[in-house]
Each structure stands twice: as C-alpha cells, then as structure tokens.
Amino acid sequence: MASLSAQADYAAFEERRKRTVYLDNLSPQVTEPVVKTALNQFGNVKSVQFIPNYIEPRNIPQCALVEMENPRQAEAVLSEIKQFHFMISGMPRPVRARRAEVGMFGDKPNMPGRTIRCRWLDENNPNFKIAQKTKALIWKNAAESAFLQKQVLQEEEKLARQQDETLKANYKKFELIDSITLNDKTGPADKLAKHYNLKIAHD
Amino acid sequence: MSHLQVKKVEDNMKFKWGRKKGVSQTDERIQFYESFTYEDVEYFVYDCAYIYCKGDTETSICKLVKMFETPTHVKRVKVVRFRRPIEIREILGNHNPQWNELFLASGQGVGRQDYISPVEVIVGKCNVVCTSKDERNPHASKTELKWADYFFYRTVDVEKCVISEKFNDEIAGIKVEYFFNKRKDPKLISPSNLKRNIKMEAGRSVLSSKIGLVEKGGSAVNADKSGNGVSPVLLESKRAMTSMGENRCMSNENSTLRLKATINKDGTEPGQISFRQDQDKAKVRSSDSLLPMNESDTRPDKRRKLLLDGQKKVPKKGEDIDGKAGNASDKMVPELAGNRGAKTHAQFLEVTRRPDADRSTWFKKLPWDQRLQTAEEMGTLVLLDNLDPSYTSLEVEDLVWHAFNRRVEAKMIQQGTFSHPHYGKALVIFKSKDAAEAAISKLQSECLILEDGRPVAGCKGTLTQQGEPAKFFGHLVLDVHKCQRQCDEKRKAVSTSHSAQPNTIEYDFAMEWRCLQEWTDICWRLLFEAQAKEMQELRSQLKSTEINELT
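From first to last, the protein sequence lines stand for chains U and W.
So in the UniProt record's numbering, spot 180 of the first sequence is number 180, and the numbers just go up one at a time.
So in the UniProt record's numbering, spot 436 of the second sequence is number 436, and the numbers just go up one at a time.
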C-alpha cells in the first residue's frame, strides 16, 4: 500500500492547504510583494503563488494562493476580507478570499493509497454510447460555462462604467461646491457676503 | 432518407448542375446529369463524398452513382454507402480493420432506398482508394494511397452480414468497375504520345521531375530509376508547374497540389500532375461544419502517414522535433479493435508508475510556460478534459502512459474562479505532432473511461493569447488635471491596501461590487448544479452495467 513517506507528504500538504487562502478579483497589476504587504497585517505571509491562466480568456481577474503561517491566521484573513471591503492596489472593487481547495494547487502530491484505473471501452459495450454522449455533454457544458463567463465579464464592465460615471459626476459636484469658496476671496460666496455685509471665516 | 420539401433560395444559389447525361428510360421527365457544383466544389458521378444526415453521430462516406432531377425539380443523388468499421463492428469478428479502412456495401437491397438530396447533406469530397487485388481494379499507386482519405478492399453484404474480398459484377445495379479506381486515360501512356512528350518536354521535364523529387521524397516519380533517364511528366496545365515551386513548402500544410503517378511496365514512369483545389476545401468544410461530436473528421491530416508503412517518410513540418517522429507513426497505427483494447477488454487497467519515470534529466528544461508555447506552435499540445480534479500532474502522465503508451509531460490546470468544480483539466505535451493527433482522434472515436465511469475527453490545446495586458474592470482612477501630485499619490496607492471605510463613496461602490460578486456566484452555482445533474443522469444509466462488469 501507500508508503509512509507518501502519507507524510500528503498530510503535510493538507496542513499547508489549511493555512492557505485563495484570493481572487485581483487586478493583473498586483504582484507578489503587493499581496505580501497587504496581508502581512493579518499575520505572516509565507508564500504567494499566482495561479497561471493557460486556457481561460485573458480578461479574467488574477487569482492567487497565499500561504499564511498557521490556519488561525488564514482564518483571520478570511474573516477580515469578508467583513470589510478590502482593496488591493486599486478601488473600489474589493478582493475576495476563499478557503483553498485541493484542485487549486499545482504541486499537490499524489493521494496516498489511491490507484487510478482506466480502460478503453469496447464498442460493443452498452456503455460505449453513453460514454460518447457524456463526451458531447462535456463540450456542451464547457460552451455554457464560457457563455456565462462572458456574461459575467460584461456585467462587471457595465458596473465599472456606471461607477465611473457616478464618480465623475460626484467629483464635478464637489468641484462646484469647492469653487464657491475660493481662497482668493473672489468666489461667489465672498461676493454674496460682501453684498449682504456678512463675514466669512476663512481658515 | 431526408426529404427536401422546402428548398432554401440560398442553397439553390450555391447549387448548379453540370453537363446533362440523358433522360430516364421509364420517365422522360427525369433528367440525369454527369456532375453538379455545390458550394464551389464540383462532384462528378462516381465521386466519393462525405454526407451528414441529421441525427447521425458521424458523417458517412458514400459513392455518388446517379445524379438526377425529378419532374418536380427535386434534386436527387443515388448513393452507395461505405460502412465504417465501427458501424459493422458486430460482424467484424476476427477482422481487424485499420482505422481508415472502409467496407463497400453490397448485396441485395443496397442503394434501393439510398437517395439523398445533395443540398442538404453533402459535406465535402472524400478521396477513397480501392486496394483490392481484383484484376478488374486498376492498381492504386503509392502516391494515390498516400493522398487517400480512406481505402477499401472488402465488401460487406448488408443483408447476409458477410465480409468478403470478392466483388460482385454489379452493386446496386451499377457495374462494379465504377467502384474500383478510375482507369487512367489510356492516351496519356500510349507510346506515340509518350515519345512526343519526351521530345516536347524533355527540357522541362528534367526540371519538373527534380521538383517532383524534392517534393515527394521517396515517392513514385523518380527520374533515376526510370529506363530513359528522363521521366516524362505531363503537365495538365502550365499553372500547375509554375505553382509547384511556390507550393513546395506549402505542401506540408495540406497543400492544394495533388500528385498522381502511373507506373508503366517498361520502366518509364510518366507522372501526371493535376491541380486540385476542391480537395482541401472539402476537408476544411467537413470539419468545420460539423458538430463537436464529429470532430473525428479532422483525422484526414494523418491518413497519409498511416498508409506509408514501408515507404519513406515525407519530411513534415513539426514532425521531427525530437527525431522520434519517424518511428512514432509506425508504432502507433491506431486500430479500432486494437490489441490494447482486447487485452483490457474485461477489466480496468490499473495505472501504475510508468517505468523509468524518475530517471534523472541531464538537461535543464525550459520553464513550463515556454514549453507550452512551443508545444502549441508545434501542435503537440493536447487538452484533456473530464479528469478527476484531484488528480495530480504525475498521475495524468501515468494515465497517458497506460492509455496511449506514450511518454508525455502533463500538468493539471489549477482550478480558479471560473473552473468547473467537477471537471479536471490537464495540458499534455506529446513528443510529436503525430502522437498528439493520434491520441486526440483515439479519444474522440473511442472511449477511455476512468474507474468511476468518467470518459476522458481530449482536444487540441490552445493557450490564452499573450500580448497586451489584460483588462480589469472595477479599479477607478480620476483623471484630474493636477497630474503631478496625483501621480505621486497613485504610485503610493498602488502598493498599498486598505479596507474601505463606511460612509464613503468607495464603500458604496464596494458594496455594489460585492452584490455583483454574490450574483455571479449564484449564477455559477446554478449552472454547475444543473450541469452536474445532467451528468449524473447520464452516469446513472451507465452505472448498472458498469458495476456488473466490475464485480
């Protein structure tokens, strides 16, 4: 059966998994030191590993696995990020954190004691047809996922654009308010004060 | 067969009858034709074509034996079908057909009902060669074999369910000669013509036969071997010749140039070069226009090598990456009811560590990213789908070793936000393009299932395009005129992180983002659940029999 070392390896990996946090909604500009400094306030970051994107479309946000010193710190990161809107190198889209899952690791060890078994299905096998259908279903599902992904990205873009407009409008408003009281005492507020013989305290 | 009631106008635009052949003896209103053109491809009587009928899982290949238009202007083509080995697997018995072998349907009742309407079902031309030893059959040259999509030398009696190498005199009322290879035009090799050609084209033919040599490697047109020392090459058109030089490198990528060679008994080898464009178009179309399930039609690319067991290999681009490609195709002729399949017939094959998996590597390898890039360019990259997400990269490598007998490099794709939780995917780099393509076609036409009843799916690996930096929505920056100060602040801001404080616009925006995130989460969950349910339904059908086999 599985050797002891394999079991030890896997146990160590499980330990590592428990103290690891999965971050997503990261901007592509985020780098390892950025994540490190960002999360060091909740504990000690041991390592940061970005999950490479090989086959997904380019425009999906980055995601990363962050290994903390111990599971408690990982929990702290999770709850902090969940509770507050945590921003890393940009606003206002908050990052998200989840518990790391086995499938997210690229360097996971073999599960001890597990053997994989496979076979080529004979064409006469009654399951052959079903298996072929299943394969068709896989492609269909992949297409569905791709579609939803596109929708999500569009939705995100829409929200970002909307917020951008709101922000600009707000900024304009504040500029307007600012311009009422200009420092060189020529703004509309000063003029009005002069007219009504009132005094404004400039500080 | 399918009935054509409503003819679409645009279909008619693409369809044109060729020369008239005559009218029916029974009904003079039925008009026979010699050819028709559909979507820029001209089909002649006795050509072979791929057809795809709605509802079928695969295209079928058939011979067009009659073309006519009925009094009601319905276009009809009578066909005799070839059977793929997979279709007649019940009666195959000990026969062990090659993957690109076909069986000609014969016997009573063939073709009686087999009328198709070309506009609806024809997908493209197919090049089928007869390799029968029958004396009525003009022998196919190696070159012809090389370019053939499929070959056949046996018939299958659809009524009696017998496979035989004998050909009856008539099949479906058509003389059997028409099912054999087409006779070469006797004029081309008649002695007088030959002489004239030698005179006329001596100068040119040396040149062109040289081109032919370079072009075809060890194939039939070979100036040195021929008795005269000059092999007269008849050019169908000058264009063919001039384009030959240009096409020389292109021929590796499914070029449009087709070479036919006829071997004469007296040692001279006149070659005939014809220029055919339709072939490739048809091929492309056949793979494009089909559903993903029929992707096995991309196979024609490989057919050449598979037939060439004894023959020298034509150097191909991307094949000799590691010099091993030569043996690769010889070793791995995918057979439908192959030995491996037979061995593992009744039980699952246990995937163990492949031998010398741990051998030390002498050379430092390039980083994985770069190797992926080159593999994609070379066409050796394969994406495996529907693995168990908990598999490790090593396990995938072992799995491929056991299933395909190939040593590969594999990496599981790490799951991210958008990854399907039930499908594990892996990128696999094969040693050669042939091996990768063979594996893909095998995965598509056959079924590799894992212990829990998952069939493994495979397709060509395509990587995300690198290039301009990815767009990311949701980080807003005010472009204010006070540029300098702002830039300084921004630079600082980039490297910092913070939590949004309540009662700021940032907080409100962040809340909106959170809502969107929750919403997308729900969408994904619903989709995945629905998909898992579909999958479960299929698998539940599978299980009952699967368990029986296991125990």
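C-beta: ideal position from N, C-alpha, C; glycine also.
Among the bridge pairs identified by DSSP, Ile171 (chain W) is matched with W:Ile174.
Distance between Ser5 (chain U) and Glu395 (chain W), taken at the CA atoms: about 17 Å.
Pairwise C-beta distances place the segment 452-467 of chain W in contact with the segment 367-384 of chain W, as three or more of them are shorter than 8 Å. Between Phe167 (chain W) and Val128 (chain W), the C-beta gap is not smaller than 9 Å, which leaves the two residues out of contact. 9 Å or more divides the Cβ of Ala64 (chain U) from the Cβ of Lys82 (chain U). With a threshold of 9 Å between beta carbons, Val456 (chain W) makes contact with chain U. Looking at the backbone, the Cα of Ser164 (chain W) and that of Met104 (chain U) are separated by about 55 Å.
Per the coordinates, the alpha-carbon of Thr417 (chain W) lies some 28 Å from the alpha-carbon of Glu165 (chain U).
Rounded to the nearest whole angstrom, the C-alpha separation of Ile55 (chain U) and Ala142 (chain U) is 12 Å.
When DSSP states are grouped into helix, strand and coil, Pro188 (chain U) belongs to the helix group. The residue from W:Lys433, W:Glu69, W:Val79, W:Thr57 with its alpha-carbon nearest to that of Cys48 (chain W) is W:Val79.
Within the UniProt domain "BAH" (41-167) of chain W, the residues whose Cβ lies closer than 8 Å to any Cβ of chain U are, in chain order, Thr57, Ile86, Arg89, Glu90. Neighbours of Ala436 (chain W) in chain U, taken as residues at a C-beta separation under 9 Å, are lacking, since the least C-beta distance is about 16 Å. For the segment 22-96 of chain U, the continuous alpha helix (DSSP H) assignments of 4+ residues that do not extend past its boundaries occur at 32-39, 71-83, in sequence order. The C-beta distance from Val35 (chain U) to Leu78 (chain U) rounds to 15 Å, too long to fall under 8 Å, and the pair is not in contact. Under the DSSP assignment, Lys168 (chain U) falls in the alpha helix (DSSP H) whose first and last residues are 127-180. For Ala500 (chain W), the nearest CB of chain U lies under 9 Å from its own CB, placing it at the interface with that chain. Sequence-distant partners of Gln7 (chain U) (beyond 5 residues in either direction) whose C-beta falls short of 6 Å from its own C-beta, in its chain, are Pro112.
Note on geometry: alpha-carbon atoms of Glu534 (chain W) and Cys523 (chain W) lie some 17 Å from one another.
Counting only the Cα atoms, Glu42 (chain W) lies some 46 Å from Cys118 (chain U).
Inclusion of Lys18 (chain U) and Pro71 (chain U) in the CB contact set at 9 Å is warranted, their separation being smaller than that value.
The segment 438-457 of chain W makes no contact with the segment 22-41 of chain U, as fewer than three CB pairs between them are under 8 Å.
Per DSSP, the continuous alpha helix (DSSP H) segment holding Phe404 (chain W) begins and ends at 393-404. Pairing Pro502 (chain W) with Ala510 (chain W), the inter-Cα distance amounts to about 10 Å. Closer than 9 Å at the C-beta level to chain W, one finds these residues of the segment 102-122 of chain U: Val102, Gly103, Met104, Phe105, Gly106, Asp107, Lys108, Pro109, Asn110, Met111, Arg114, Thr115, Ile116, Arg117, Cys118, Arg119, Trp120, Leu121, Asp122.
Boundaries of the beta strand (DSSP E) harbouring Met67 (chain W): 60-69, taken from the DSSP string.
Counting the other CB atoms within 10 Å of its CB gives Val456 (chain W) a total of 16 or more, which places it among the buried residues. Chain-order list of chain U residues neighbouring Thr464 (chain W): Asn53, Tyr54, Ile55, Glu56, Pro57, Arg58, by C-beta distance under 8 Å.
Counting only Cβ-Cβ distances below 7 Å, Gly90 (chain U) has contacts in chain W at His475, in chain order. Under the three-state reduction of DSSP, Ile200 (chain U) is assigned to coil, being neither helix nor strand. Neighbours of Gly379 (chain W) in chain U, taken as residues whose beta carbon is under 7 Å from its own, are absent, since the nearest beta carbon is some 16 Å off. At a cut-off of 9 Å between beta-carbon atoms, Thr134 (chain U) makes contact with chain W. Around Glu80 (chain U), the same chain offers Phe42 as residues with beta carbons nearer than 6 Å, after the five sequence neighbours per side are excluded. No Cβ-Cβ contact shorter than 9 Å links Leu148 (chain U) with Phe473 (chain W). For Phe179 (chain W), the closest Cβ of chain U is not nearer than 9 Å. Interface residue (Cβ-Cβ distance to chain W less than 9 Å): Leu153 (chain U) is classified as such.
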